[in-house]
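Peer 1:
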Amino acid sequence: MNSTEQPTSFLDYQEFFFDAIVIGAGGAGMRAALALQQDGHQVAMVSKVFPTRSHTVAAQGGINAALANVSDDQWQWHMYDTIKGSDYLGDQDAIEFMCQEASHIVRELEHFGVPFSRLENGKIYQRAFGGQSQNYGESQAKRTCAAADRTGHAILHSLYQQNIAAGTEMFDEHFALDLIQDEQDRVCGVLIQDLQNSKLKVIWAQHTLLATGGAGQIFRTNSNASINTGDGLGMAQRIGVPLQDMEFWQFHPTGVAGKGMLISEATRGEGGILRNAENEPFMIKYAPKVKELASRDVVARAIAIEVEEGRGCGANKDYVLLDLTHLPTDVIENRLPGIRDICLTFLGLDPIDKPIPVFPTCHYMMGGIPTNINGQVIQPDIAIDKNLHGTTIEPQKTISGLYAIGECACVSVHGANRLGGNSLLDIVVFGRQAARHISAQLQQNSIPFSRPQQHTLSHLLERYQRWLTAEPETANTQDNVNAIKQAMQKTMEQGCSVFRDHTRMQQTVDALQAIEERFAKVSIADQSQIFNFERTSALELENLLSVAKATACSALARTESRGAHTRIDHNERDDQDWLKHSLYYPQQDTVLYKPVNMQPKQHAPFIPQKRVY
Amino acid sequence: MQVIIERFNPENDSQPYAQSYHIDDTEIADDTMLLELLQRLREQDPSLGFRSSCQEGVCGSDGMNVNGSNCLSCITLAKPLGEKIHIRALPGFPIIKDLIVDMSIFYQQYRDVKPFLQGDAALQTNLEQEFLQSPQERAKLDGSVECILCACCSSSCPSFWWNPDLFPGPAALLAANRFVVDSRDITTIDRLEQQDSAVKAFRCRNIQNCTSACPKGLNPSRAIQALKHAIVNKPT
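Heads up: the sequence lines are chains A and B, in that order.
Sequential numbering from 1 applies to the first sequence in full-length UniProt numbering.
Sequential numbering from 1 applies to the second sequence in full-length UniProt numbering.
#1: Just the Cα atoms here: how many angstroms apart are N197 of chain A and A59 of chain A?
#2: Using 8 Å as the cut-off, can you tell me whether the segment 50 to 65 of chain B makes contact with the segment 329 to 348 of chain A, which would need three or more C-beta pairs spanning the two stretches below that distance?
#3: Can you tell me the Cβ-Cβ gap for C153 of chain B and A176 of chain B, rounded? I've got them flagged as a contact below 8 Å.
#4: Using a 10 Å radius around the Cβ and a threshold of 16 neighbouring Cβ atoms, would you call Q576 of chain A buried or exposed?
#5: Short check: CB of G269 of chain A to CB of R118 of chain A, under 7 Å?
#6: Taking only runs of the beta strand (DSSP E) that begin and end inside the segment 171 to 215 of chain A, which ones reach a length of at least 3 residues, in chain order?
#7: At 3 residues or longer, what runs of the beta strand (DSSP E) sit wholly inside the segment 32 to 76 of chain B?
#8: State the Cα-Cα distance for the pair Y584 of chain A and L149 of chain B, rounded to the nearest angstrom.
#9: In chain order, what are the residue ranges of uninterrupted beta strand (DSSP E) at least 3 long that sit wholly in the segment 561 to 596 of chain A?
#10: Does the pairing of the segment 192 to 209 of chain A with the segment 16 to 36 of chain A give three or more beta-carbon distances under 8 Å?
#11: Assuming Y88 of chain A contacts L209 of chain A under a Cβ cut-off of 8 Å, what Cβ separation, rounded to an integer in Å, is found between them?
#12: Would you kindly work out how many angstroms separate the C-alpha atoms of T52 of chain A and N445 of chain A, rounded to a whole number?
#13: If we require 4 or more residues per run, which alpha helix (DSSP H) segments fall completely within the segment 335 to 398 of chain A?
#14: Can you say whether N219 of chain B is buried or exposed, counting buried as having 16 or more other CB atoms within 10 angstroms of its CB?
#15: Does the Cβ-Cβ distance between L461 of chain A and L11 of chain A come in under 7 Å?
#16: Are the segment 88 to 97 of chain A and the segment 407 to 423 of chain A in contact at 8 Å, needing three or more beta carbon pairs?
#17: Between which residues of its own chain and T456 of chain A is the CB-CB distance below 7 Å, once the five residues before and five after are set aside?
#18: Pull up the distance between the alpha-carbon of A315 of chain A and that of L37 of chain B, whole angstroms please.
#19: Return the first residue and the last residue of the beta strand (DSSP E) that N130 of chain A is part of.
#20: Find out if the Cβ-Cβ distance for the pair E130 of chain B, M1 of chain B is shorter than 7 Å.
#21: Going along chain A in order, which residues have a C-beta closer than 9 Å to the C-beta of L174 of chain B?
#22: Tell me which same chain residues have a C-beta within less than 8 Å of the C-beta of T8 of chain A, skipping the five on either side of it?
#23: List the residues of chain A that N9 of chain B touches, going by C-beta distances under 7 Å, in chain order.
#24: If we define contact as Cβ-Cβ less than 7 Å, is P135 of chain B a contact residue for chain A?
#25: Could you spell out the range, first to last residue, of the beta strand (DSSP E) harbouring Y21 of chain B?
#26: Is it buried or exposed for V256 of chain A, if we count other Cβ within 10 angstroms and need 16 for buried?
#27: Would you decide whether E306 of chain A is buried or exposed? Buried here means 16 or more other CB atoms lie within 10 Å of its CB.
#28: Using a Cβ-Cβ distance cut-off of 7 Å, determine whether G167 of chain A contacts chain B.
#29: Pick from A:E560, A:E534, A:N597 and A:V114: whose alpha carbon is nearest that of R51 of chain B?
#30: Taking the alpha carbon of D479 of chain A as the reference point, which residue from A:S439, A:I524 and A:Q489 has its own alpha carbon closest?
#31: Check for me: the alpha helix (DSSP H) holding S197 of chain B runs from which residue to which?
#32: Regarding L218 of chain B and the ligand MN, is the C-beta to nearest heavy atom distance less than 6 Å?
#33: Looking only at its chain, what residues have a beta carbon closer than 6 Å to the beta carbon of K291 of chain A, apart from the 5 residues adjacent to it on each side?
#34: For V322 of chain A, report the span of its beta strand (DSSP E) as first-last.
#35: Just the Cα atoms here: how many angstroms apart are V358 of chain A and D91 of chain A?
#36: Could you work out which residues of chain B lie near F112 of chain A, taking near to mean beta carbons separated by less than 7 Å?
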């Protein structure tokens, strides 16, 4: 690592040179950084928070792999379940790859020290999860490898520990502001800010990997950490990268009612039952075969319908109950201790004795930055000719030097709905794969990297400088960043929640326009340099707003119901017109489409069928 | 309710000072967490500095000292704290700003115990096989692997306050013991020798502040006693 001081005319920054930059230190970023570091490359891992504060820490239930430790299993069955779960929007080549890699990568995690729960024979414990079957839908599979109900915590800490062992250079509590491109539009570095003292730094590298996680903060009720503000999506959009499939947001069926924190699907995997106000176990009406273990979109809709039709519980009839009281006490104590903690802390009830009030909560972004299997960011050229409207040219064109993995990326393995246990798998499989690709590139081209002569840094500094001026002439000092964020969350919840229709989504698009106008005029009161949270919130909100807009515009355009995108005005899936990925181009404010990959390499393609659970 | 927060911004202040805020009692529900109050105060005063992330007690960002005890604000109910709440930064660490402390030495102490599994090299590279571990062997890790590195324990430990440069503190020792008892780790003797020192494991005076401070209900004190026991009984 070298560093030099490089003053500009108006803002000073320090420069660093690395082989690769990883932005984000959740499970995806840390798996990638570890692989690169172990291959002998110099890696800078940039994280807005200390790495173990990343949102991967909150993942509860487990990670899928066809280990067959409990029930007979094959990766091909896992592949089928994932494609069906995705409502056939997932790319079959990517899903095939992920499911094939799963067993190896889970054993690798085990070797990294992840304290998985164990079976009597010493092997990794696996539990039942929604949408997982044996023999292509025949019977329930037990495929989800678990470390009690703290699997994300266990994986994140073990990956952090391995990065300590490998000596990865970490820029903790540094906020990534923008990607830097050279004259050939190659991504060649990143502008970051040290949150402790507001100093700017530029890291130059041949390869930049975005692993910045989700953006559930666009919704008011969500299960996400407050740091999940879509910073990678914002940065990518600002250099013109389209976002893929942004209409698909998973509403996890069982958030704590009125609060949003998650009650893991593991509760249903271990035998939990959903009941309405009439004490009726209602899932039998919606998924007669697998009931509580249908896929998440199905269960979330079932709960929302029960409440909408007046069978909700409580004074406001606005939630249902998740009943664990019939489970043996030791199952709750040993397999679901974290869930019990959450109930005791936030609801003052013990799930051993009382059922848990739950309602769907925004949980996971299935869409994101389009990538190929190697994590390379794809930017299909937009056809300008009006006659070509609705088409793209060169659908697999990549942006040189830029990668994306994990929740911020859309490869796409989750399609229109993600199965529980597949997100932890996604981050480690594609984290490792992107690192392998970068590593191969670096080995082929071992010339030391130097700063490009021409690059686009000055306009990035200008964008940032806006927040250094106390009261710009146009500023509306009555308004503030927090109020604008709340307005955005409210409008997204009203227009783009579990059930959607044209009118409300159009209102949301219009409301977001007005919110953007407010944002353009707002200023910040705090001008201090040490941990200035107001400025960071403003920069995060800019990213969130761009994510919210991509979501609303993509959702408005898709006139069908598929997976998590449920429209009451178009309530059937329409493969004829809509078996395709959407691409929202921010600068042109246009949605284009590209085909779903139906060409797995080793297995016959899975032809779309009606989804029945 | 009155909330008194010890504030410090090195850009303007030579030393910390107490600032008093008022929140209408009617705005505080029975299930309101302290973090929600702090977020409301930040709406009033955007310069108020505190860390937070998960908001559900699993990431460990928001350790702070409330009415004299260390806790995580996101899982601490506001109402039972009384009519007057005193909040200050975690003791024993340099203050960066308001409730934000510099935890570098805490993280360094953690890194120094080599908190990563060192298994059999041949097995470790073989991805066809799991390391087998019985449920009983796995159960020995319970009470250690749930640590979230929030520093509430080390920040409540007098031995850590006096010698943070030498004494690893309860969190790092908990991690050291976690790998000592892990049936998959083959460096047990090295780990025990590393902690066999008057300023390391044996600097723990068994005061048990760590255990009473742990917001996850863990017992670092017991883990350190187990570590001492293993050191004393290690094969020579």
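All residues carry an ideal CB built from backbone N, CA and C; glycine is no exception.
Just so it is clear, the structure is predicted and the values come from calculations on it, not from any experiment.
Peer 2: Reading from the atomic positions:
#1: As a working mapping, residue 197 of chain A is identified with position 197 in the first sequence. As a working mapping, residue 59 of chain A is identified with position 59 in the first sequence. So the alpha carbons of these two residues sit roughly 31 Å apart.
#2: yes
#3: Working through the second sequence from its first residue, we reach residue 153 of chain B at position 153. Working through the second sequence from its first residue, we reach residue 176 of chain B at position 176. The pair is not a contact, with the Cβ atoms about 14 Å apart (cut-off 8 Å).
#4: Taking the first sequence and counting its residues from 1, the one referred to as residue 576 of chain A is at position 576. Exposed, because fewer than 16 other Cβ atoms sit within 10 Å of the Cβ of Q576 of chain A.
#5: One-based indexing of the first sequence puts residue 269 of chain A at position 269. One-based indexing of the first sequence puts residue 118 of chain A at position 118. The answer is no: Cβ separation not under 7 Å.
#6: 174 to 181, 187 to 194, 200 to 204 and 207 to 210
#7: Complete beta strand (DSSP E) runs here, min 3: 63 to 66 and 69 to 72.
#8: Start at 1 with the first residue of the first sequence, and residue 584 of chain A comes out as number 584. Start at 1 with the first residue of the second sequence, and residue 149 of chain B comes out as number 149. Each residue's Cα considered, the two are about 40 Å apart.
#9: 580 to 585 and 590 to 595
#10: yes
#11: Looking up residue 88 of chain A in the first sequence gives position 88. Looking up residue 209 of chain A in the first sequence gives position 209. In fact, because the Cβ distance is near 29 Å, the residues do not count as touching under 8 Å.
#12: Here residue 52 of chain A is taken as the residue at index 52 of the first sequence, counted from 1. Here residue 445 of chain A is taken as the residue at index 445 of the first sequence, counted from 1. T52 of chain A and N445 of chain A have their C-alpha atoms roughly 33 Å apart.
#13: 337 to 342
#14: Your numbering for residue 219 of chain B matches position 219 in the second sequence. Buried, by the Cβ-count rule.
#15: Sequence index remark: in the first sequence, residue 461 of chain A carries index 461 (1-based). Sequence index remark: in the first sequence, residue 11 of chain A carries index 11 (1-based). Yes, the Cβ-Cβ distance between L461 of chain A and L11 of chain A is below 7 Å.
#16: yes
#17: For the purposes of this step, residue 456 of chain A is taken as residue 456 along the first sequence, with counting starting at 1. Excluding residues within five positions, the ones whose Cβ falls inside 7 Å are I180 and Q181.
#18: For this step, residue 315 of chain A is matched to residue 315 along the first sequence. For this step, residue 37 of chain B is matched to residue 37 along the second sequence. Computed Cα separation, rounded: 26 Å.
#19: Here residue 130 of chain A is taken as the residue at index 130 of the first sequence, counted from 1. First, the residue type needs correcting, since residue 130 of chain A is Gly and not Asn in the sequence shown. From DSSP, the beta strand (DSSP E) with G130 of chain A extends over Q126 to Q134.
#20: By 1-based counting over the second sequence, the position of residue 130 of chain B is 130. By 1-based counting over the second sequence, the position of residue 1 of chain B is 1. No; because the gap between Cβ atoms is not below 7 Å, this pair is not in contact.
#21: Position 174 of the second sequence, counted from the start, is the residue given in the question as residue 174 of chain B. None at all; the shortest Cβ gap to chain A is about 12 Å.
#22: On the first sequence, position 8 is the one that residue 8 of chain A refers to. Unreliable positioning characterises T8 of chain A in this predicted model, as indicated by a pLDDT of 46, which lies under 50. A coordinate reading is not provided.
#23: What you label residue 9 of chain B is simply residue 9 of the second sequence in a count that begins at 1. Listed along the chain, the chain A residues whose CB falls inside 7 Å of the CB of N9 of chain B are S528 and I530.
#24: To locate residue 135 of chain B, count along the second sequence from 1; it is residue 135. So, interface residue.
#25: Here residue 21 of chain B refers to the residue found at position 21 when the second sequence is read from its first residue. Run containing Y21 of chain B: Y17 to H22, per the beta strand (DSSP E) assignment.
#26: Residue numbering aside, residue 256 of chain A sits at position 256 when the first sequence is read from its first letter. Under this definition V256 of chain A is a buried residue.
#27: One-based indexing of the first sequence puts residue 306 of chain A at position 306. Answer is buried; the Cβ neighbour count reaches 16.
#28: The sequence position of residue 167 of chain A within the first sequence is 167, counting from 1. Not closer than 7 Å to any Cβ of chain B, the Cβ of G167 of chain A fails to qualify, so no.
#29: The sequence position of residue 51 of chain B within the second sequence is 51, counting from 1. Ranking A:E560, A:E534, A:N597 and A:V114 by Cα distance to R51 of chain B puts A:E534 first.
#30: By 1-based counting over the first sequence, the position of residue 479 of chain A is 479. It is A:I524 whose Cα lies nearest to the Cα of D479 of chain A.
#31: Stepping through the second sequence from its first residue, residue 197 of chain B is reached at position 197. Note, S197 of chain B: premise wrong, no alpha helix (DSSP H); not H, not E.
#32: With respect to the ligand MN, the structure shown offers nothing to examine, as it has no ligands at all.
#33: The residue labelled residue 291 of chain A in the question sits at position 291 within the first sequence. If we look at K291 of chain A and ignore the five residues flanking it on each side, its Cβ neighbours are M283 and I284.
#34: Within the first sequence, the letter at position 322 stands for residue 322 of chain A. With the sequence shown as reference, residue 322 of chain A is identified as Leu, and Val is not the correct amino acid for it. Where L322 of chain A is concerned, the enclosing beta strand (DSSP E) stretches over V320 to D323.
#35: Along the first sequence, one-based indexing puts residue 358 of chain A at 358. Along the first sequence, one-based indexing puts residue 91 of chain A at 91. In a straight line, the C-alpha of V358 of chain A is about 32 Å away from that of D91 of chain A.
#36: Within the first sequence, numbered from 1, the residue matching residue 112 of chain A stands at position 112. What F112 of chain A touches in chain B: L117.
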